[in-house]
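2 protein chains.
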Amino acid sequence: MKRQPDRSRDDRALAYEILDEGLVAHVGIVVDGQPFVIPMAYGRDGDRLLLHGAKASRLLRTSGGGVPVCVTVTLLDGLVLARSTFHHSMNYRSVVVIGEARRVEGDDERSRCLDVLVEHIVQGRTAEARGPNRVELRQTDVLALAIDEASVKLRTGGPKDDPEDLDLPVWAGVVPLTLARGEPIADDGIDASLPLPVAVQGS
Amino acid sequence: MKRQPDRSRDDRALAYEILDEGLVAHVGIVVDGQPFVIPMAYGRDGDRLLLHGAKASRLLRTSGGGVPVCVTVTLLDGLVLARSTFHHSMNYRSVVVIGEARRVEGDDERSRCLDVLVEHIVQGRTAEARGPNRVELRQTDVLALAIDEASVKLRTGGPKDDPEDLDLPVWAGVVPLTLARGEPIADDGIDASLPLPVAVQGS
C-alpha cells in the first residue's frame with residue numbers, strides 16, 4: 424500500500440471497501456510493449472485479488488512465472504457540474520493495484536477461488552448453486568495478485584468553482600450515480616415457486 | 424476496427440454506441456515495462472477519442488511523440504446467475520481501442536476538445552456554463568487517439584447452463600444493472616429559482 428504516515432491503515436480499509444463494492448476490474452498487461460486493458464471479473468481473498476477471464480488468462484499462460492499487471496477498480500459516484508466548463512468533474516473512488524499475477528494451481532484451491540469469485544458477485548450464492556466438478560475446475564483459470572502495492576484515489580463533494588464565478592446565474596451541483604440492480608429476470612424453465620437467491624431478494 | 428467481413432460497419436456503429444454511453448475510460452500505459460491502468464474522463468470526437476486526466480498527462484508529457492495506449496470502456500448490463508457456480512457470468516459491452524495517443528496542441532483546438540469532453544458527460548452543458556479562458560486552456564491537457572484499431576466484446580442474455588443442470592431446484596436468471604442518476608444536489612449558494620441543466624432535468 425502507498426504508505427503515508429497517518430493514513431496507511433485507513434487506506435487499506437478504504438481500498439478493500441472499494442474493491443468489495445466493485446464488480447469489474449480493468450486489468451492491464453503488456454504484450455510486446457503494447458498495453459492491453461481487459462475487463463475481468465474479480466474477487467478479494469483476504470490480502471490478495473483473484474482474477475478470472477479467458478482472454479487475459481490465455482495471454483498470461485504464455486509466461487511461465489508471474490506477469491506484471493495493473494488491476495484498477497473504479498466506482499463512479501457522481502457527475503460534478505460546475506459554473507465553468509473547466510471545473511466540471513466526476514466523483515469517483517478507485518483503487519490501483521500493481522504487482523505480479525500468478526495462476527492458481529491445484530483443483531481444491533481453484534475450487535475455493537471460484538467460490539470467492541461467485542460470492543463477490545452474489546453473496547451466499549455458493550450455498551445455492553451446484554458446485555464445480557473436476558472437469559470444470561480444470562477449465563477454470565484464476566490469477567492471484569497480492570495487494571501489496573496499491574493506491575486509492577477519489578473525489579467527493581461539490582464543484583470547486585473560482586470565487587469570481589460564484590454569482591453566475593448557472594446551476595451547479597452534483598448528480599449522484601449508482602449502479603442500480605433491476606428486477607431479476609428468471610431464465611426459461613425456472614419454476615415460479617423457486618425462491619430468489621438470498622442476495623437478490625432485495626432487488 | 425477489427426475487420427470481420429459482414430460485421431465491420433456494424434462493429435463501428437456498436438463501438439460508438441458503447442463509447443457514447445460510457446462515462447469513464449480505463450487507460451493503459453506502460454512505464455518501464457510495468458502496465459498502469461488509470462481511470463480518465465473521455466469523449467468521442469468523430470473518429471477519435473479524447474482523454475482528459477492529470478496523472479496520465481504527466482506521464483505522457485515525458486514523451487515527445489505519440490505513446491502506445493489502450494483505452495477500454497466497459498458497460499455493465501447484468502449479473503448472470505446460473506444453476507452451477509461455474510457458469511455464473513456478467514452481461515457487459517466493452518470497447519478496446521489501441522493506438523498512439525498525442526497531446527492536442529493549440530488553444531482553440533483544446534477549447535473545442537474541452538467542449539466535447541463536457542458535452543459527453545452532460546449534453547447541452549457548454550451552452551449553459553462559462554467557457555474556458557486562456558489561463559484555463561493552458562492548464563488543460565487533452566490527449567487524442569484515433570479509433571482505428573478497436574474491438575467490441577459483449578455478453579447478453581441468460582445463463583448458459585449444462586443440459587443436465589436444467590432441472591436442479593436452483594433459481595437462475597439475470598439481474599439487470601444500470602448506472603442510475605439520482606436526484607441532483609445543488610451546490611451551496613445556488614438559488615432555487617435557477618433552472619436545472621437541460622440534460623439533468625429528467626433525473
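In the order they appear, the protein sequences are chains A and B. Read in order, the letters of the first sequence are residues 424 to 626 in this note's numbering. Read in order, the letters of the second sequence are residues 424 to 626 in this note's numbering. Where a beta carbon is used, it is the ideal one built from N, C-alpha and C, also for glycine.
Would you mind sorting residue i into buried or exposed? The rule is 16 or more other CB atoms within 10 Å of its CB.
| i | result |
| --- | --- |
| A:E528 | exposed |
| A:R430 | Below a pLDDT of 50, predicted positions are generally treated as unreliable, and A:R430, at 48, falls in that range; the measurement from the model is reported next regardless. When all chains shown are included, A:R430 counts as exposed. |
| B:T549 | buried |
| B:V621 | exposed |
| B:P607 | buried |
| A:G547 | exposed |
| A:A505 | buried |
| B:V490 | buried |
| B:R553 | buried |
| A:E532 | exposed |
| B:A464 | buried |
Taking the straight line between their C-alpha atoms, what separation do you get for residue i and residue j?
| i | j | result |
| --- | --- | --- |
| B:G581 | B:V503 | 6 Å |
| B:I452 | A:L589 | 38 Å |
| A:S507 | B:V541 | 10 Å |
| B:H543 | B:L602 | 15 Å |
| B:V558 | B:K583 | 56 Å |
| A:D433 | A:D611 | 46 Å |
| B:P555 | A:N514 | 21 Å |
| A:D647 | B:L472 | Residue 647 of chain A lies beyond the residue range present for chain A, which begins at 424 and ends at 626; the question has no answer from this structure. |
| B:R578 | B:D614 | 45 Å |
| A:M424 | B:P462 | Interpretation of A:M424 is limited by its pLDDT of 47, a score under 50 that renders its predicted location unreliable; the figure taken from the coordinates is listed afterwards. In a straight line, the C-alpha of A:M424 is about 19 Å away from that of B:P462. |
| B:L442 | B:R516 | 10 Å |
| A:V545 | B:L617 | 43 Å |
| A:H511 | A:E587 | 16 Å |
| B:G605 | B:Y439 | 25 Å |
| B:C493 | B:L619 | 36 Å |
| B:Q427 | B:T495 | The predicted model places B:Q427 with a pLDDT of 46, which falls under 50 and marks its position as unreliable; any figure quoted below should be read in that light. Near 20 Å, if we compare the C-alpha coordinates of B:T495 and B:Q427. |
| A:R435 | A:S574 | 9 Å |
| A:D585 | A:F509 | 10 Å |
| A:V597 | A:R561 | 48 Å |
| A:D564 | B:R526 | 38 Å |
| A:A609 | A:L566 | 31 Å |
| B:G476 | A:K576 | 13 Å |
| A:A623 | A:L600 | One point to set straight first is that residue 623 of chain A is Val, not Ala, in the sequence displayed. Whole-angstrom Cα-Cα distance: 20 Å. |
| B:L474 | A:E551 | 43 Å |
Determine the chain B residues that contact residue i at a beta-carbon separation under 9 Å, and present them in chain order.
| i | result |
| --- | --- |
| A:Q600 | Checking the displayed sequence, the identity of residue 600 of chain A turns out to be Leu instead of Gln. Neighbours of A:L600 on chain B, chain order: L446, L602, A603, R604, G605. |
| A:A545 | It should be pointed out that residue 545 of chain A corresponds to Val in this sequence rather than to Ala. Within 9 Å Cβ-Cβ: L502, L504, H511, V598. |
| A:I441 | Here the premise fails: no neighbours, minimum Cβ distance about 12 Å. |
| A:S574 | Residues of chain B passing the Cβ test: none, with the nearest at roughly 10 Å. |
What residues from chain A crowd round residue i, counting only those whose CB sits closer than 8 Å?
| i | result |
| --- | --- |
| B:R548 | L504, T508, H511 |
| B:C493 | G451, Q457, P458, F459, V460 |
So with CB distances below 8 Å, who are the chain B contacts of residue i?
| i | result |
| --- | --- |
| A:E559 | S507, F509 |
| A:T497 | V447, H449, P462 |
| A:L617 | P592, V593, W594 |
| A:C555 | The sequence shown places Pro at residue 555 of chain A, not Cys. The answer, in chain order, is S507, T508, F509. |
| A:L537 | T508, F509 |
Under 7 Å Cβ-Cβ, which residues of chain A neighbour residue i?
| i | result |
| --- | --- |
| B:I452 | P458 |
Using a Cβ cut-off of 7 Å, pull out every chain B residue sitting near residue i, in sequence order please.
| i | result |
| --- | --- |
| A:G489 | Those do not exist, as A:G489 stays about 12 Å from chain B at its closest Cβ, beyond 7 Å. |
| A:E551 | V593 |
Find the residues of chain A that neighbour residue i, judging by a C-beta separation of less than 9 Å, and give them in chain order.
| i | result |
| --- | --- |
| B:G529 | Chain A residues near B:G529: none, gap ~17 Å exceeds 9 Å. |
Taking contact to mean at least 3 C-beta pairs separated by less than 8 Å, is the segment 441–450 of chain B in contact with the segment 490–503 of chain A? yes
When the Cβ atoms of the segment 513–524 of chain B are set against those of the segment 457–473 of chain A, are three or more pairs found closer than 8 Å? yes
What are the complete alpha helix (DSSP H) segments, minimum 4 residues, inside the segment 540–583 of chain B? 557–562
Cβ contact check for the segment 462–473 of chain B and the segment 536–555 of chain B: 3 or more pairs under 8 Å: yes
Sufficient close CB pairs (3 or more, under 8 Å) joining the segment 591–603 of chain B to the segment 563–579 of chain A: no
Which ranges would you report for the beta strand (DSSP E) in the segment 446–516 of chain A if only whole runs of at least 3 residues count? 447–454, 457–468, 471–475, 490–504
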